[in-house]
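Here the structure comes first, spelled out in structure tokens, and everything after it is commentary.
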Amino acid sequence: AGAKVGNWPIWECAAWPAPAGRFQESRWWEPRPGVAEERCYIISGRAKLTVSEGEGEPVELTIEEGDRVVFRKGFSCTWDVQEPIAKHYE
Numbered sequence: 007a008g009a010k011v012g013n014w015p016i017w018e019c020a021a022w023p024a025p026a027g028r029f030q031e032s033r034w035w036e037p038r039p040g041v042a043e044e045r046c047y048i049i050s051g052r053a054k055l056t057v058s059e060g061e062g063e064p065v066e067l068t069i070e071e072g073d074r075v076v077f078r079k080g081f082s083c084t085w086d087v088q089e090p091i092a093k094h095y096e
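See the structure below:
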């Protein structure tokens with residue numbers, strides 16, 4: 007923790023309709039014991055995240071270039087990548 011964002015690894019994904027462009031958020035924390043959150047900085051692109059919680063209506067939010075995002079352990083959503091997206095993550 008504390009390293010400069012530019013030193014964090016990079017993850018990239020193609021946009022829909024490429025098969026990789028629509029997916030359910032993985033359980034990224036399982037292979038990373040002790041990690042409670044993943045911090046991200048969106049380098050490029052845009053994606054719509056759809057979050058379904060309980061019986062309520064799904065909530066949609068968009069992340070795009072310049073956004074900082076925190077995914078907490080247990081968070082679940084569906085990604086719809088609208089423009090090829092890249093993020094630094096830790």
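Okay, so the sequence shown: first residue is 7 according to this note's numbering, each after it adds one.
Here a beta-carbon is modelled for each residue, glycine too, at the ideal position from N, C-alpha and C.
- Taking a 10 Å sphere around the C-beta of residue 41, we find fewer than 16 other C-beta atoms and assign the residue as exposed.
- For residue 20, no pairing in a beta bridge is given by DSSP.
- DSSP places residue 26 outside any beta strand (DSSP E), giving it a letter other than H or E.
- Under a 10 Å Cβ-count criterion, residue 79 is classified as exposed, with fewer than 16 other Cβ atoms of the shown protein chains found around its own Cβ.
- Between residue 32 and residue 39, the alpha-carbon positions lie close to 15 Å from each other.
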